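Residue numbers (this note's numbering): 1 to 198. Think of the CB as a built atom: it goes at the ideal place given N, C-alpha and C, for glycine as much as any other residue. Computed from a predicted structure; not experimentally measured. Take a look at the structure set out below.
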């Protein structure tokens, strides 16, 4: 099956007002753009007490991962087709998310397409509202200009700080991270934490 590499998230108008995430003592982790689902599956297996959610703009990838999830029997894991920013805005309660994962997002190289990038000023304002205090956003890419742009976006907010995180040595594994390693590309990684404000 041929899967389109580039899908404009701004063309997906589906909203998630009908989704209401239940109040829970479980930690809530959301991956935006799970692709083949390598990380999402591994993370869900390693964290059976977390509520793990994945959002993906490519419907074919959602359908493929849905089959794998059914086989793996991971009832604490849910995936959706759509725009990750819309999902977080519509379905997640304020101060409810523990972790947001954004790995190897589409770089959208052309300047006129930069508005399609996942990490933006608008997205980070929303993330601050939805993350718990000390909630984290994990980003990675093998495209250095994109990494620099994401860093610039975060620097606009004094309520995010970079932290050293063993996650990258222990839990991080995606289809694209393996591809970058095989292709001998550098991968740029960073964890940002929401600062507790008085």
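Beta-carbon proximity list for residue i, same chain, < 6 Å, skipping 5 on both sides
i: residue 141; result: 104, 147 and 188
i: residue 174; result: 38, 39 and 103
Member of the options whose CA lies at the smallest distance from the CA of residue i
i: residue 184; options: 143, 25 and 132; result: 143
i: residue 190; options: 152, 128 and 196; result: 152
i: residue 34; options: 76, 116, 170 and 82; result: 82
i: residue 194; options: 169, 173 and 126; result: 126
i: residue 61; options: 192, 79 and 173; result: 79
i: residue 171; options: 19, 47 and 20; result: 47
i: residue 19; options: 12, 63, 73 and 88; result: 88
i: residue 139; options: 196, 74, 106 and 50; result: 106
Collapsed DSSP secondary structure at residue i in the structure displayed
i: residue 131; result: strand
i: residue 24; result: coil
i: residue 56; result: strand
i: residue 153; result: helix
i: residue 50; result: coil
i: residue 86; result: helix
i: residue 188; result: strand
i: residue 81; result: strand
i: residue 120; result: coil
i: residue 63; result: helix
i: residue 161; result: strand
i: residue 70; result: helix
i: residue 101; result: strand
Integer-rounded CB distance, given that residue j should sit under 8 Å from residue i
i: residue 164; j: residue 132; result: With 8 Å as the limit, residue 164 and residue 132 do not qualify as a contact, their Cβ atoms being about 20 Å apart.
i: residue 123; j: residue 161; result: Contact doesn't hold; Cβ gap of about 18 Å is too wide.
i: residue 32; j: residue 100; result: 7 Å
Cβ shell of residue i (< 7 Å), same chain only, five flanking positions each side left out
i: residue 15; result: 86 and 90
i: residue 59; result: 81
Own chain partners of residue i with C-beta closer than 8 Å, once the 5 adjacent residues on each side are dropped
i: residue 49; result: 26, 27 and 76
Q. Given 8 Å as the limit, is there contact between the region 22 to 31 and the region 59 to 71, that is, 3 or more CB pairs closer than that?
A. no
Q. Is it a yes or a no for the region 106 to 119 touching the region 37 to 54, going by three-plus beta-carbon pairs under 8 Å?
A. no
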